[in-house]
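One structure below.
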Amino acid sequence: MTKKMSISTSKTSLVLLLCQIISALDVPLDSKLLEELSQPPTITQQSPKDYIVDPRENIVIQCEAKGKPPPSFSWTRNGTHFDIDKDAQVTMKPNSGTLVINIMNGGKAEAYEGVYQCTARNERGAAISNNIVVRPSRSPLWTKEKLEPNHVREGDSLVLHCRPPVGLPPPIIFWMDNAFQRLPQSERVSQGLNGDLYFSNVQPEDTREDYICYARFNHTQTIQQKQPISVKVFSMDSLNDTIAANLSDTDIFGAKPVTERQPVLLTPTGSTSTKVELRGNVLLLECIAAGLPTPVIRWIKEGGELPANRTFFENFKKTLKIIDVSEADSGNYKCIARNALGSVHHVISVTVKAAPYWITAPRNLVLSPGEDGTLICRANGNPKPSISWLANGVPIAIAPEDPSRKVDGDTIIFSHVQERSSAVYQCNASNEYGYLLANAFVNVLAEPPRILTPANKLYQVIADSPALLDCAYFGSPKPEIEWFKGVKGSILRGNEYVFHDNGTLEIPVAQKNNAGTYTCVARNELGKIQNEVQLEIKDPTMIIKQPEYKVIQRYGQVSFECIIKHDSTLLPTVTWLKDNDELPDDERFLVGKDNLTIMNVTDKDDGTYTCIVNTTLDSVSASAVLTVVARPNPPFDLELTGQLERSIDLSWLPGDENNSPITSFVIEFEDALHEPGVWRYQTEVPGSQTTAQLKLSPYVNYSFRVIAVNRIGRSQPSEPSEQYLTKSASPDENPANVQGIGSEPDNLVITWEPLKGFQSNGPGLQYKVSWRQKDVDDEWTSVIVANVSKYIVSGTPTFVPYEVKVQALNDLGYAPEPSEVIGHSGEDLPMVAPGNVQVHVINSTLAKVHWDPVPLKSVRGHLQGYKVYYWKVQSLSRRSRRHVEKKILTFRGNKTFGMLPGLEPYSSYKLNVRVVNGKGEGPASPDKVFKTPEGVPSSPSFLKITNPTLDSLTLEWGSPTHPNGVLTSYTLKFQPINNTHELGPLVEIRIPANESSLILKNLNYSTRYKFYFNAQTSVGSGSQITEEAVTIMDEAGILRPAVGAGKGYSEILFATSPVMHTVRPTFYKVQPLYPRIRNVTTAAAETYANISWEYEGPDHANFYVEYGVAGSKEDWKKEIVNGSRSFFVLKGLTPGTAYKVRVGAEGLSGFRSSEDVFETGPAMASRQVDIATQGWFIGLMCAVALLILILLIVCFIRRNKGGKYPVKEKEDAHADPEIQPMKEDDGTFGEYSDAEDHKPLKKGSRTPSDRTVKKEDSDDSLVDYGEGVNGQFNEDGSFIGQYSGKKEKEPAEGNESSEAPSPVNAMNSFV
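Positions in the sequence shown are counted from 1; adding 5 to them yields our numbering.
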């Protein structure tokens, strides 16, 4: 099997191109490996075969080669050895075969002209370069010649010959004048391929004396100039003048005028010619013709077509250019020159020959000892090239014999090669047009396996993508490659893997389970080696929210989303493109993390936007189109056609629709005669229509404009059309909205809507107003009035029907007969009041009134209805009069009854009825008196609960604002509520109507109650008012108002401690209807205050307390409450200061409670007297100490005498527990002590003002309730103490509750 691999070369790596028929080796591009392997020389760089040099500069003939070991170089010149050591002007570059011939230091380039060939040689063979023909460039001067002026008759052809000197390489020719300006060329005047300047026909403007041909020699960078050529063109007019001046009047004279001529070819000459061109070159064919008029050139290929994509026309189609010609381009090419008088043609027979070109060039061959191989050298050309072989630069026929080599024409076959078979072979293919020379070496190597892929190389691929694991290897003979998964895994086989000849392992669809360590093993008969690589599988990058198609109005804002998901170990970069190019450098484009926003969108933003997400392993993209729409551009180019008296055709061209199709066109007109500057609607046509026939009115000076409409809106109006004045005519229509209505009882006012200016149809617009009384045999009375809108007829009877009509007329005649309308003369007030007024009381708030209709004649106008006036005289329950406020109800039409709603119960009313017409109201009927019965009362005006105690509450209320009758009693209902809004049993009490307060006793301690209170009359119960209140916990815990405190602190409610009552009542769940914060209470000390509140609403509310100095404009201070507690302690307050406070919840739309005001206590040096600093106490203590000392002395004396002294009894007799000094840290504040544990005292007990508790006032000692500190609270008001397990000395009154204290009650018990 033949394997082919193309390997490029570079300065740092060795590149080999290998080919074999049976089992040739591929040498990897590994610089380290290539440095270690022996190889024959290879020519890497050489000068061109035809090497033209600048004779003024040093000659550098290049020859670079590579090999192992590095090759040595030698040269031949003109077929013989060139000894560079004997020529001081010639040197060879170090480590190179490149020759440098020093011309700039005295050498002559012509002396080194010749054919050079380089040989690169090492121990494994020799490579040779092409034959390099070195020739110096030549730029000879123009030969001296005498140029005669060219005198040419106008219209004749002319050729100006350049004939440049022969140079090497040939020069580039161009024509210029003395000012170094290129001479203009055209179809008439042009330069040929040979450099001559051709005139198909001369014109007078061609006369000049500075036609100069220039030759530019690029190699020497020189320009040679020919002597200027003079051309003088004689016109026929000037020639006739000259002849006439030299001949007598009797002579016949006159030159022929300029004669037109059919084409004649100036180049090439004759009818046929031949052309030979080499394959791959550019074919140039030229035809230049003379003639007048100037001929036009056309090219064809006989029997075929000119090759597409390779054919070009130059020099005004006078030159046919075909690039990269091949044998197929051979044939006959005809050029045809044609003008108005005829044509001429020329056939050029083209033959394409070919210098040799490669079909199969020989390739370098690397073999192992004992292997076979083949070198193939196949070339083609026209004529067929001959093939010859060389070995190490020597013809193979005379080269040393090699038994493994056999030459068979263009092929060399190698069999069972050995290391001595290494050599460089040259293949030469040549014909008469050139030659090809190629070097190809045979390198026989014996090498153990080597793995060139780095150890533990990491490969990262995207899941579901191919994974290619490299195992670049080399060995000779060629090693076998095996792959294993893991270090000790089994060999990989099966369809899941693809094993490439270069050692690469391919996993076509890599999955997560393919990740891991892979081992590559290479072995041949000389050894074995292995290598491990790592494979990681990454999640693919995805766009999970792609940009979407957007339609946006101009100057709007649009945003494209591009939300991605990617492997956490890969760092993506997001790039946005517009129309596959970078985004414009415009600050309106804002690129965010996952979006692109375009501000102030303009038309140029229209296009396709692409989001490209790149990682080091993959790339994804998504695109969306942005369409920018806007109102259409205005139509333009309005044109009026088909002008008639009553119609005209209007056409227009639509403007740009701006990406939103035009749905319609609105046509407006201006009447410059009657309403200049005012544009009115004419008609509207579909958006697909660009013409409209418009109806016209007489005597109007029209101009039109068009407005385009699309989905976005209306365009600006177009420019107005030209004006068109229609002829006058009599009016087509009469005034509209004619009415006859009297303004006074004795007149008739006739009004109408005047015609607009364009409706007048002509000058002199007036109106003919006619009227006559209806149902009376009267003639029409008419009057002609100017262009007004009303006419008043006086002296008419009151409210009489009239027939009225108004007709338009102008200077050309009357409008059609108008239609008649019925009107009435003026109205007067009604004369008669309604009679037989009756009132039927339906209930306490509603009555029905009846009356008899008045005669229609007495109405004296249009009957509009009846009005009922009614008013309250007095309330029957209060017997007190008040300001009379009359109410009016209107009943439309000829009704004879009506309902009076909204009456007040138990009241006396009066009413009367009046008839109403267009003029006003008639006289009132006599007043009718009626009374409403009793109704249910309104709710009590207030309900206030004061003086809470352990078991009682005081209720005060106000009577209903509207008793609506005689109050008979009040009803009070109440029931307890627990902290989960459950209701207990309902208790109902009847209270006499003359009571305004009530004390409720025998209530539960520390319990919230809900009260329902309403009033009754004999009709029933009124609406109720509700309120809530809490019984207190401990009377000792109630704060007295601080000094200077405002009114209302006696109403602050305090909860009791739940240690009494044993029966738990039944409760019913009640859900609050809406969240609210109510009953905000405060208890203030000198520098802090306890704030508590009640909350009804959803759970998990976040409370906060806001406070500030009352009356101050400073901002509220805010404290956040921890958790969802309903109490808080404000600290750091100023003593003796009034504060405002409110409570809010952040989680519930930010609602707050109402404000409360409290005042801190005044600053005091000490709330208690420190008796330790009192003089009498110090003296008493001194006396006691002296007494004890005396007693000890006496006791000591008695003990020494054997007697006993009852000290213990004496101490017990003198102990006095009644007076206990209070400490600052005993938990008290304000003016009340709290030395105990907030345990309730016996009912009815009070704390004396001297801060002591007398034994006879309470049987509950401190010892029975544990230490007092157990009942203290933290600063935030939370209860931290626990009751001791000791029992009370005697049971308390009432039922005991085992319920734990609620946070509200606990807080209230603290304050």
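We put the CB at the ideal spot given by N, CA and C, even for glycine.
Please read these numbers as outputs of a predicted model, since none were measured by experiment.
Secondary structure of residue i, DSSP reduced to three states
i	result
residue 410	strand
residue 1331	Residue 1331 lies beyond the residue range present for the chain, which begins at 6 and ends at 1316; the question has no answer from this structure.
residue 370	strand
residue 1199	helix
residue 257	At residue 257 the pLDDT is 40, less than 50, meaning the model places this residue with poor confidence and gives no usable figure here.
residue 1137	coil
residue 528	strand
residue 1186	helix
residue 1115	coil
residue 518	helix
residue 149	coil
residue 1251	Because the pLDDT of residue 1251 is 36, which lies under 50, any placement of that residue in the model is unreliable, and the number read from its coordinates should be weighed accordingly. Coil at residue 1251, not helix or strand.
residue 383	strand
residue 497	coil
residue 89	helix
residue 627	strand
One or two residues paired with residue i in a DSSP bridge
i	result
residue 474	510
residue 181	187 and 217
residue 294	270
residue 230	219
residue 595	602
residue 328	DSSP lists no partner for residue 328.
residue 1098	Paired residue(s): none; residue 1098 is not in a bridge.
residue 846	852
Residue from the options with nearest C-alpha to residue i
i	options	result
residue 615	622, 599 and 605	599
residue 970	922, 264 and 913	913
residue 449	469, 424, 462 and 464	424
residue 140	105, 191 and 117	117
residue 814	806, 808 and 823	823
residue 931	1020, 348 and 840	840
residue 693	856, 701 and 671	671
residue 196	926, 460 and 324	324
residue 966	950, 1020, 955 and 993	1020
residue 296	956, 271, 622 and 658	271
residue 701	717, 682 and 728	728
residue 120	543, 179 and 52	52
Inter-residue spacing [alpha-carbon to alpha-carbon] between residue i and residue j
i	j	result
residue 529	residue 538	21 Å
residue 691	residue 610	30 Å
residue 677	residue 742	27 Å
residue 480	residue 455	6 Å
residue 850	residue 897	23 Å
residue 872	residue 992	52 Å
residue 651	residue 684	19 Å
residue 399	residue 520	57 Å
Run of the alpha helix (DSSP H) containing residue i, from where it starts to where it stops
i	result
residue 862	861–864
Boundaries (first-last residue) of the beta strand (DSSP E) holding residue i
i	result
residue 123	119–127
residue 880	868–880
residue 440	439–449
residue 651	No beta strand (DSSP E) contains residue 651, which DSSP labels as neither H nor E.
residue 902	902–905
residue 680	680–691
residue 700	696–700
residue 761	From DSSP, residue 761 is part of no beta strand (DSSP E); its letter is neither H nor E.
C-beta neighbour in chain C for residue i, strict 9 Å
i	result
residue 766	Here there is only one protein chain, and chain C is not present.
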